[in-house]
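Encoded as structure tokens, the structure appears first; notes follow it.
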Amino acid sequence: MIQAVADAILALPKPALCLDFDGVLVEIAPRPEAITVADDLPGRLNALARRLKGCVAIITGRTHADLSRYLDLTAFPVASSHGAQFSAAGSVEVQSLLDAHDLDTLRPDVAQTVEAHPGVYVEDKGTAIVVHTRPNPDAHDTILAHLTQLVAPRADVHIGSGKGIVELRLASENKGTAIKRLVELPGWEGAQPVMIGDDTTDNDGMAVAKELGGFGVQIGDGPDGTGLSHATLRLDTVQQTHKMLQLLTG
Ligand SMILES: O=P(O)(O)OC[C@H]1O[C@H](O[C@H]2O[C@H](CO)[C@@H](O)[C@H](O)[C@H]2O)[C@H](O)[C@@H](O)[C@@H]1O
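Here the sequence shown is numbered in numbering that gives the first Met the number 0, starting from 0 and rising by one per residue.
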């Protein structure tokens with residue numbers, strides 16, 4: 000299957016690789032800061048960008064500032080915070096597409112919800128608020144139900160359940176809108192995006208990748224153990240993903 004995925008990507012007329020980070024390029028860890036980045040990952044991404052004529056991007060739920068602790072983000076375009084932030088290759092400038100203040104009225108209620116559940120903690124990313132339930136999985140469904148009720152009157156807020164997280168975010172940007180923005184970059188015109196992801200939010204990117212002539216590749220199981228509805232191909236592990244990227248660079 001590893002070779003089949005690499006072959007399917009290289010069979011596209013102009014493939015563009017859109018890579019999720021957690022669960023795809025790095026293994027999921029107990030906490031966001033506990034991940035390990037493989038030593039050869041930066042070199043591999045640079046080689047990929049050369050092979051695909053610059054059409055390689057990271058599309059992540061992490062903020063740009065957070066991800067920049069692990070990778071040189073000037074080497075390729077980056078859509079961070081699920082598309083709420085955008086930076087072009089070769090640039091240190093990060094565009095903020097949404098206003099974090101739009102979530103201000105929800106912050107106290109989210110904090111209060113979490114207090115009742117030992118081990119659960121909040122990661123406030125500005126335009127998204129993540130409630131990490133990985134330390135207390137039994138609390139996940141209760142928190143999801145409570146926060147779903149809380150945001151029900153807010154059509155501008157999306158609530159999602161991911162791998163060990165419940166996340167509220169401003170709804171107007173997502174990994175799909177990020178891909179639409181990427182294919183407008185110089186050099187990306189007419190490219191067929193391939194979204195490689197492992198979690199719920201990657202499904203938006205996979206849907207748009209399909210619309211634009213590309214496809215989605217799911218890594219491992221989705222958050223509830225099932226497949227992401229817009230994924231076409233699948234690899235089982237992060238390790239297999241790295242092997243597939245190696246095949247692409249030759
Ligand atoms: O879109 P991604 O790049 O996959 O980012 C999604 C979320 O990643 C981080 O949380 C996930 O990874 C953590 C470290 O492995 C793990 O502890 C957590 O349970 C996962 O959900 C990040 O903390 C979130 O802000 C991102 O939205």
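Note that the Cβ used here is the ideal one computed from N, Cα and C, for glycine as well.
Outcome for residue i when other beta-carbon atoms lying within 10 angstroms are tallied against a minimum of 16
i            : result
serine 80    : buried
glutamine 94 : exposed
methionine 0 : exposed
valine 91    : exposed
valine 119   : buried
leucine 234  : buried
leucine 9    : exposed
Beta-carbon proximity check, residue i vs residue j, cutoff 8 Å
i             : j             : result
glycine 159   : threonine 200 : yes
aspartate 203 : glutamine 217 : no
leucine 16    : valine 193    : yes
glycine 163   : threonine 132 : yes
glutamine 71  : proline 41    : The displayed chain sequence assigns aspartate, not glutamine, to residue 71. Result yes, Cβ atoms of aspartate 71 and proline 41 sit closer than 8 Å.
leucine 184   : proline 76    : yes
leucine 244   : alanine 56    : no
leucine 232   : alanine 5     : no
arginine 153  : alanine 127   : no
valine 129    : glutamate 172 : no
valine 25     : threonine 35  : yes
alanine 7     : leucine 44    : no
Residue interval of the beta strand (DSSP E) (run including residue i)
i             : result
proline 134   : From DSSP, proline 134 is part of no beta strand (DSSP E); its letter is neither H nor E.
glycine 159   : 156-161
isoleucine 57 : 55-58
valine 237    : Taken as a continuous stretch (DSSP letters only), valine 237 belongs to no beta strand (DSSP E), being part of the alpha helix (DSSP H) at 237-248.
First and last residue of the uninterrupted alpha helix (DSSP H) at residue i
i              : result
isoleucine 27  : Careful: isoleucine 27 lies outside any alpha helix (DSSP H) and carries neither H nor E.
methionine 205 : 201-210
aspartate 123  : Element bounds for aspartate 123: not the alpha helix (DSSP H) but the beta strand (DSSP E), 120-123.
leucine 149    : 139-150
alanine 48     : 40-50
Assumed close pair residue i, residue j - CB separation to whole angstroms, cut-off 8 Å
i             : j           : result
valine 109    : leucine 66  : Contact flag wrong, Cβ pair sits at about 23 Å.
alanine 87    : leucine 97  : Actually they are not in contact, since the Cβ atoms of alanine 87 and leucine 97 sit about 18 Å apart, beyond 8 Å.
alanine 177   : cysteine 54 : The Cβ separation is near 14 Å, so there is no contact.
threonine 248 : alanine 46  : 4 Å
threonine 62  : lysine 124  : 5 Å
Three-way DSSP call (helix, strand, coil) for residue i in this model
i             : result
alanine 3     : helix
alanine 110   : helix
isoleucine 8  : helix
leucine 16    : strand
glutamate 166 : strand
aspartate 220 : coil
alanine 272   : Nothing can be reported for residue 272: it is not among the residues displayed for the chain, which extend from 0 to 249.
alanine 78    : strand
alanine 88    : coil
Distance cut-off 7 Å: residue i Cβ against heavy atoms of ligand 3
i           : result
glycine 219 : Ligand 3 is not part of the structure shown, which contains ligand 1 as its ligands.
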